[in-house]
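S.K.:
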Amino acid sequence: MVKNVYAVGLMLFIATMVLFFGMYFFGMNVDYFNNSMLLNAFLLPVVYVAGAYYSVSSAKKLGFPMGFRAVFGSAFKPMFIGGLLSMLTMFVFLNFVDKDAKDLLNYQYIERQKTELNKEYEKAKSTLKEEAEIKELDKNYHARLQSFSPEMIKNKDMFSFRQFTYYFGAVMVFYVILSVFFGSFFRSRIEE
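Quick note on numbering: the sequence shown equals residues 30 to 221 in the numbering used here.
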């Protein structure tokens, strides 16, 4: 069972890297950041759910009664291994191999934030009627717009080690929730 967990973790790592480099080689365009976010939000969770399910079902096929802890571990460990190796590889690649890709992603992230700010401002401005509320909105909008000035975004790096640590922490929450779900629904009736 231990070999299975590590093998599934490596399969998840390979699948993640295939998707990452597929997007890198074939999807680097003006929507690279948006497409990467869509891939991370919708396709990768499905891949990791499938990996966790495969790991748990393989362990259950051995015929041993598995309690909550055993099922939780069978689901969590491969996702942790695949996710950790993937995050480390992406960090190394973006920070040491192709810094231009990192710069492009940072630029597109900031541009997306500006676009979202402008959309929210226009939407809010169209609904306000009071002059005082409009002035307050304009004041807040211009204050927020200052955060996009060249001197403010000069050192902004969404792909630093610190940011990758935050991303991995968020992904860990997904792994734990999914593993609790698997542990609750796929455990044997007899606890260990």
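We treat Cβ as the ideally placed atom computed from N, Cα and C, and that holds for glycine. Predicted model, so just to flag it, every value in this text is computed and none were measured.
For residue 216, does the count of other Cβ atoms within 10 angstroms reach 16, so buried, or fall short, so exposed?
M.R.: Numbered from 1 along the sequence shown, position 187 holds the residue referred to as residue 216. So residue 216 ends up on the buried side.
S.K.: Can you tell me where the alpha helix (DSSP H) with residue 94 in it begins and where it stops?
M.R.: Here residue 94 refers to the residue found at position 65 when the sequence shown is read from its first residue. Taken as a continuous stretch (DSSP letters only), residue 94 belongs to no alpha helix (DSSP H), as it is neither H nor E.
S.K.: Using CA coordinates, which residue listed in 186, 44, 39, 203 is at the minimum distance from residue 130?
M.R.: Taking the sequence shown and counting its residues from 1, the one referred to as residue 130 is at position 101. The option with the nearest alpha carbon to residue 130 is 186.
S.K.: State the DSSP-derived secondary structure class of residue 59, mapped to helix, strand or coil.
M.R.: What you label residue 59 is simply residue 30 of the sequence shown in a count that begins at 1. Coil at residue 59, not helix or strand.
S.K.: To the nearest whole angstrom, what separates the beta carbons of residue 49 and residue 119, a pair I think is in contact under 8 Å?
M.R.: What you label residue 49 is simply residue 20 of the sequence shown in a count that begins at 1. What you label residue 119 is simply residue 90 of the sequence shown in a count that begins at 1. Indeed, because the Cβ distance is near 6 Å, the residues count as touching under 8 Å.
S.K.: Any idea what DSSP makes of residue 191, helix, strand or coil?
M.R.: Within the sequence shown, residue 191 is the residue found at index 162, counting from 1. It is helical.
S.K.: Less than 7 Å between C-beta atoms, sequence neighbours within five positions excluded: which residues of the same chain meet that for residue 84?
M.R.: Counting from 1 along the sequence shown, the entry for residue 84 is found at position 55. These residues qualify, in order along the chain: 33, 34, 37, 103, 104, 107.
S.K.: Which value, in whole angstroms, describes the spacing of the CA atoms of residue 70 and residue 79?
M.R.: Stepping through the sequence shown from its first residue, residue 70 is reached at position 41. Stepping through the sequence shown from its first residue, residue 79 is reached at position 50. Roughly 15 Å between the two C-alpha positions.
S.K.: When the distance is taken between beta carbons, is residue 100 closer than 9 Å to residue 212?
M.R.: For the purposes of this step, residue 212 is identified with residue 183 of the sequence shown, where counting begins at 1. For the purposes of this step, residue 100 is identified with residue 71 of the sequence shown, where counting begins at 1. Cβ atoms of residue 212 and residue 100: closer than 9 Å.
S.K.: Classify residue 65: buried if its beta carbon has 16 or more other beta carbons within 10 angstroms, exposed otherwise.
M.R.: Locating residue 65 in the sequence shown gives position 36, where the first residue counts as 1. Looking at its Cβ environment, which holds 16 or more other Cβ atoms inside 10 Å, residue 65 is buried.
S.K.: Would residue 77 and residue 204 qualify as a contact pair, given that the criterion is a beta-carbon distance under 9 Å?
M.R.: Mapped onto the sequence shown, residue 77 falls at position 48. Mapped onto the sequence shown, residue 204 falls at position 175. For residue 77 and residue 204, yes; Cβs fall inside 9 Å.
S.K.: Under DSSP, the alpha helix (DSSP H) around residue 161 begins and ends at which residues?
M.R.: Within the sequence shown, the letter at position 132 stands for residue 161. Note, residue 161: alpha helix (DSSP H), 160-174.
S.K.: May I ask which residues mark the beginning and end of the alpha helix (DSSP H) holding residue 147?
M.R.: Walking along the sequence shown from the start, residue 147 turns up at place 118. Residues 128-156.
S.K.: Would you mind giving the Cβ-Cβ distance between residue 138 and residue 170, rounded to the nearest angstrom? I have them listed as a contact below 8 Å.
M.R.: Mapped onto the sequence shown, residue 138 falls at position 109. Mapped onto the sequence shown, residue 170 falls at position 141. Incorrect: roughly 20 Å between the Cβ atoms, too far for contact.
S.K.: Tell me whether the beta-carbon of residue 229 lies closer than 9 Å to the beta-carbon of residue 42.
M.R.: Any question about residue 229 goes unanswered here, given that the chain covers just 30 to 221.
S.K.: Can you name, in chain order, every residue of its own chain whose Cβ lies under 7 Å from the Cβ of residue 95, other than the five neighbours on each side?
M.R.: If you number the sequence shown from 1, residue 95 lands on position 66. Same-chain partners within the cutoff: 88, 89, 216, 217.
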